[in-house]
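**Student:** As numbered in this note's numbering, residues 1 to 372 make up the sequence shown, in order. We put the beta carbon where it would ideally sit given N, CA and C, even for glycine. After the structure tokens below, expect a handful of questions from me.
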Amino acid sequence: MTTAAIIVAAGRGSRAGGDLPKQWQMLAGRPVIAHTLEAFSAMVRVLVIHPDDRNRAAGLGVEVVIGGATRTASVRAALEALAGRGVTRVLIHDGARPLVPAAVIARVLTALDGHKGAAPALPVTDALWTGAEGEVSGTRNREGLFRAQTPQGFDYAAILAAHRAHSGEAADDVAVARAAGLAVAIVEGDEANLKLTWPGDFARAEAILKGRDMDVRLGNGFDVHAFCPGDHVWLCGVKVPHDRGLLGHSDADVGMHALTDAIYGALAEGDIGQHFPPSDPQWKGAPSHIFLTHAMGRIAARGFRLSNADVTLICERPKIGPHAVAMRTALAQIMGVEVGRISVKATTSERLGFTGREEGIAALATATLVQA
Ligand code: MG
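This is how it looks when you write it as structure tokens:
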């Protein structure tokens, strides 16, 4: 079974504004039509263009058919171009619908297993009016009304015969199919499958694309500090009584250091040592929230926000459990996020290694950043 996609892009649509037909305008750095073609990359593709667009289409690396005077004539030309090539099913899609979700294409193809035709649509949810001279002149029942989308899918032989038998223009290929007596199944469309028509549609499409390609970043951090004489340790912003202290240039908050490094790691901006060199006397004894606050500032400056962070402290003593909530709260306050996004937990190392011998404390952290 061979499925072909016909992408109809021969129109001169000018309502979208700009110097070029809308399917050739840029969307997120590429022509609209390049996005559309990509959605069908797994299939035989035929792009139907206006004769004036030959040069523009040359760089797309896809089979091109010159369209006719009407949309119906353009589709007919592409269907004829596919004749004799073993195509069994065909999807006919508007070039100006660049964001068609893969799930919509899949629903159309699945429905073709039981129908000669299938097409996506969304039920009309707004009230419908008629209007005249700037005033509402009546209302219409929206029951049973759908907003049609593409791709419209068909048994290839059936839709080719329907087009050959059809004369004149039609609203779409479903209309051509129905005129030939073919039943067309309705499958669920998608609001993201918008048809670029007005200038504002480009901004909407860019926003949808940005959501799809969201840059999610994960960083990890690791730190160790040795015990020294003392009567408390600072861990994740909380002063915890202990029979020893932690040795360090700053307050030696090993958990906060690991977390800060996780954030720098997610941003690929080095580590604490690069931003706050231990050789610089101004950081001697510094409270570690200075480092974490700086890292949070870098998140904002780079256009991200913190989605979550997870810190694991590794030590036999002090016991972390009784302080874990206070630690999460302290970190969340410094970071300006909800407590529910910050985890602090602990483990021993079963008396093994330097943490097991109580020579020091180790900490691991991960941080997830998403585009703000
Ligand atoms: Mg450290």
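What's the C-alpha gap between Ile66 and Met214?
**Tutor:** Stepping through the sequence shown from its first residue, residue 66 is reached at position 66. Stepping through the sequence shown from its first residue, residue 214 is reached at position 214. Distance between the alpha carbons of Ile66 and Met214: 37 Å.
**Student:** Quick check on the DSSP output: the alpha helix (DSSP H) that includes Asp310 runs from which residue to which?
**Tutor:** By one-based count along the sequence shown, residue 310 stands at place 310. Taken as a continuous stretch (DSSP letters only), Asp310 belongs to no alpha helix (DSSP H), being part of the beta strand (DSSP E) at 304-314.
**Student:** Going along the chain, which residues put their C-beta within less than 5 Å of some heavy atom in ligand 3?
**Tutor:** As for ligand 3, it is missing from this structure, which binds only ligand 1.
**Student:** I think Leu128 touches Thr110, with their Cβ atoms under 8 Å apart; what is that distance to the nearest whole Å?
**Tutor:** For the purposes of this step, residue 128 is identified with residue 128 of the sequence shown, where counting begins at 1. For the purposes of this step, residue 110 is identified with residue 110 of the sequence shown, where counting begins at 1. Leu128 to Thr110, Cβ: 31 Å. No contact.
**Student:** Of all the options Ala258, Ala148, Ala157, which has the alpha carbon lying nearest to the alpha carbon of Ala171?
**Tutor:** Position 171 of the sequence shown holds residue 171. Per the Cα distances, Ala148.
**Student:** Hey, Phe227 and Leu246 are a contact pair by Cβ (cut 8 Å); roughly how many whole angstroms apart?
**Tutor:** Start at 1 with the first residue of the sequence shown, and residue 227 comes out as number 227. Start at 1 with the first residue of the sequence shown, and residue 246 comes out as number 246. Contact flag correct, Cβ pair sits at about 6 Å.
**Student:** Determine the closest residue to Arg12 out of Met1, Asp231, Gln25, Thr2, with distance taken between C-alpha atoms.
**Tutor:** In the sequence shown, the residue the question calls residue 12 occupies position 12. The shortest Cα separation from Arg12 among Met1, Asp231, Gln25, Thr2 belongs to Gln25.
**Student:** Roughly how many whole angstroms lie between the Cα atoms of Ala165 and Glu143?
**Tutor:** Stepping through the sequence shown from its first residue, residue 165 is reached at position 165. Stepping through the sequence shown from its first residue, residue 143 is reached at position 143. Spanning the two alpha carbons is a distance of roughly 32 Å.
**Student:** Name the residue from Asp19, Val370, Ile6, Gln23 whose alpha carbon lies nearest to the alpha carbon of Lys195.
**Tutor:** What you label residue 195 is simply residue 195 of the sequence shown in a count that begins at 1. Taking only the C-alpha atoms, the option nearest Lys195 is Gln23.
**Student:** Consult DSSP for Leu112 and reduce its assignment to one of helix, strand or coil.
**Tutor:** By one-based count along the sequence shown, residue 112 stands at place 112. Looking at Leu112 - three-state DSSP - the assignment turns out to be coil, as it is neither helix nor strand.
**Student:** To the nearest angstrom, how far is it from the Cα of Ala42 to the Cα of Thr2?
**Tutor:** As a first step, residue 42 is located in the sequence shown; it is residue number 42 there, counting from the start. As a first step, residue 2 is located in the sequence shown; it is residue number 2 there, counting from the start. Approximately 11 Å between the Cα atoms of the pair.
**Student:** Comparing C-alpha positions only, which one of Asp19, Ala5, Gly18 sits nearest to Leu47?
**Tutor:** Start at 1 with the first residue of the sequence shown, and residue 47 comes out as number 47. Residue nearest to Leu47 within the set Asp19, Ala5, Gly18 is Ala5 (criterion: CA-CA distance).
**Student:** Could you say which of Ala203, Thr125, Ala69 lies nearest to Leu145 if we only look at CA atoms?
**Tutor:** Along the sequence shown, one-based indexing puts residue 145 at 145. Nearest of Ala203, Thr125, Ala69 to Leu145, Cα basis: Thr125.
**Student:** Please report the distance separating the alpha-carbon of Ala258 from that of Gly303.
**Tutor:** Within the sequence shown, residue 258 is the residue found at index 258, counting from 1. Within the sequence shown, residue 303 is the residue found at index 303, counting from 1. Taking the straight line from one Cα to the other gives about 22 Å.
**Student:** For Thr329, collect the residues of the same chain with a Cβ closer than 8 Å to its Cβ; drop the 5 residues on either side in sequence, then sort them by chain order.
**Tutor:** Translated into the one-based positions of the sequence shown, residue 329 becomes position 329. Excluding residues within five positions, the ones whose Cβ falls inside 8 Å are Val339.
**Student:** How many Å lie between Gly61 and Gly153 at the Cα?
**Tutor:** By 1-based counting over the sequence shown, the position of residue 61 is 61. By 1-based counting over the sequence shown, the position of residue 153 is 153. Spanning the two alpha carbons is a distance of roughly 24 Å.
**Student:** Between which two residues does the beta strand (DSSP E) carrying Arg147 extend?
**Tutor:** Residue numbering aside, residue 147 sits at position 147 when the sequence shown is read from its first letter. Here the beta strand (DSSP E) through Arg147 covers 146-148.
**Student:** Going by DSSP in three states, Asp53 sits in which element: helix, strand or coil?
**Tutor:** In the sequence shown, residue 53 corresponds to position 53, counting from 1. Of the three classes helix, strand and coil, the one that applies to Asp53 here is helix, per DSSP.
**Student:** May I ask which residues mark the beginning and end of the alpha helix (DSSP H) holding Thr36?
**Tutor:** Taking the sequence shown and counting its residues from 1, the one referred to as residue 36 is at position 36. Segment 32-38, the alpha helix (DSSP H) holding Thr36.
**Student:** Just verifying my parser: in three-state terms, what is the DSSP assignment at Pro318?
**Tutor:** For the purposes of this step, residue 318 is identified with residue 318 of the sequence shown, where counting begins at 1. DSSP places Pro318 outside both helix and strand once states are collapsed to three, so it counts as coil.
**Student:** Does DSSP put Gly221 in a helix, in a strand, or in coil?
**Tutor:** Here residue 221 refers to the residue found at position 221 when the sequence shown is read from its first residue. Residue state, collapsed to three classes: strand.
**Student:** Please state the DSSP three-state secondary structure of Arg140.
**Tutor:** Position 140 of the sequence shown holds residue 140. Strand.
**Student:** Need the endpoints of the alpha helix (DSSP H) that Phe202 sits in, please.
**Tutor:** Translated into the one-based positions of the sequence shown, residue 202 becomes position 202. 199-212 is the extent of the alpha helix (DSSP H) around Phe202.
**Student:** Please work out which residues of its chain come closer than 6 Å, Cβ to Cβ, to Arg341, disregarding the five sequence neighbours upstream and downstream, and give them in chain order.
**Tutor:** Residue numbering aside, residue 341 sits at position 341 when the sequence shown is read from its first letter. Hits under 6 Å: Asn308.
**Student:** Which of the three DSSP states is assigned to Leu20 in this structure?
**Tutor:** As a first step, residue 20 must be located in the sequence shown, where it is residue number 20. DSSP places Leu20 in coil when its eight states are reduced to three.
**Student:** Within its chain, find whatever has a CB closer than 8 Å to the CB of Ala316; leave out the 5 residues flanking it on each side and keep chain order.
**Tutor:** Walking along the sequence shown from the start, residue 316 turns up at place 316. Residue identity differs from the one stated: residue 316 is Glu in this sequence, not Ala. Answer for Glu316: Thr348, Ser349, Arg351, Thr355, Gly356, Glu358, listed in chain order.
**Student:** What does the alpha-carbon distance come out to for the pair Val75 and Gly68?
**Tutor:** In the sequence shown, residue 75 corresponds to position 75, counting from 1. In the sequence shown, residue 68 corresponds to position 68, counting from 1. Their Cα atoms are separated by approximately 8 Å.
**Student:** Could you spell out the range, first to last residue, of the alpha helix (DSSP H) harbouring Ser74?
**Tutor:** Taking the sequence shown and counting its residues from 1, the one referred to as residue 74 is at position 74. 71-81 is the extent of the alpha helix (DSSP H) around Ser74.
**Student:** Would you call Asn193 buried or exposed, if buried means 16 or more other Cβ atoms sit within 10 Å of its Cβ?
**Tutor:** Taking the sequence shown and counting its residues from 1, one reaches residue 193 at position 193. Counting the other Cβ atoms within 10 Å of the Cβ of Asn193 gives 16 or more, which makes it buried.
**Student:** Which partner residues does Ala332 have in the DSSP bridge list?
**Tutor:** For the purposes of this step, residue 332 is taken as the residue at position 332 of the sequence shown. When DSSP reads this structure, Ala332 sits in no beta bridge, so it has no partner.
**Student:** Return the residue from the list Glu80, Asp94, Ala57 that minimises the CA-CA distance to Arg71.
**Tutor:** Sequence index remark: in the sequence shown, residue 71 carries index 71 (1-based). From the listed residues Glu80, Asp94, Ala57, the smallest Cα separation to Arg71 is found for Asp94.
**Student:** Quick one: any contact between the segment 317-327 and the segment 276-296, if contact means 3 or more CB pairs under 8 Å?
**Tutor:** By the Cβ test, the segment 317-327 is not in contact with the segment 276-296, since fewer than three Cβ pairs between them sit closer than 8 Å.
**Student:** Would you be able to state if there are at least three C-beta pairs under 8 Å between the segment 31-41 and the segment 86-101?
**Tutor:** Short answer: they touch.
**Student:** Tell me the residue span of the beta strand (DSSP E) that contains His232.
**Tutor:** Position 232 of the sequence shown, counted from the start, is the residue given in the question as residue 232. From DSSP, the beta strand (DSSP E) with His232 extends over 232-235.
**Student:** Compare the beta carbon distance of Ala367 and Ala262 with 9 Å and say whether it is the shorter of the two.
**Tutor:** On the sequence shown, position 367 is the one that residue 367 refers to. On the sequence shown, position 262 is the one that residue 262 refers to. The answer is yes: Cβ separation under 9 Å.
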